[in-house]
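In the working numbering, the protein residues as written are 6 to 95. Don't be surprised by glycine CBs; every beta carbon is placed ideally from N, CA and C. Being a predicted model, the structure only gives us computed values, none of them experimental.
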């Protein structure tokens, strides 16, 4: 069995994306439980769910360009789900 660094890099990026997504999703759930459930909180939850899916895609699949492209597209799509920050915090 040969060791390749690109497997390690893909797993590391996948773990980091999934960790950030899970952490931020839990923070959104805490925000939703303390305030009322608004459209902006749902958008934030959708955004960070896409981060979790991007990280899981990299973790569960072997190294390949298709999986990287899919994960990058999921992260780009998550940018579209960014609500106005002032309306979430107030």
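Simplified DSSP assignment, three categories, for residue i
i, result
"residue 7", "coil"
"residue 52", "helix"
"residue 42", "coil"
"residue 26", "helix"
Length of the line joining the Cα atoms of residue i and residue j
i, j, result
"residue 70", "residue 43", "37 Å"
"residue 38", "residue 46", "10 Å"
"residue 65", "residue 29", "21 Å"
"residue 74", "residue 41", "36 Å"
"residue 76", "residue 8", "23 Å"
Start and end residues, alpha helix (DSSP H) containing residue i
i, result
"residue 66", "Where residue 66 is concerned, there is no enclosing alpha helix (DSSP H), given that its DSSP letter is neither H nor E."
Practice problem: Kindly confirm or deny that the region 50 to 62 and the region 7 to 17 touch, where touching means at least three C-beta pairs closer than 8 Å. | Solution: At 8 Å Cβ cutoff, the stretches do not touch.
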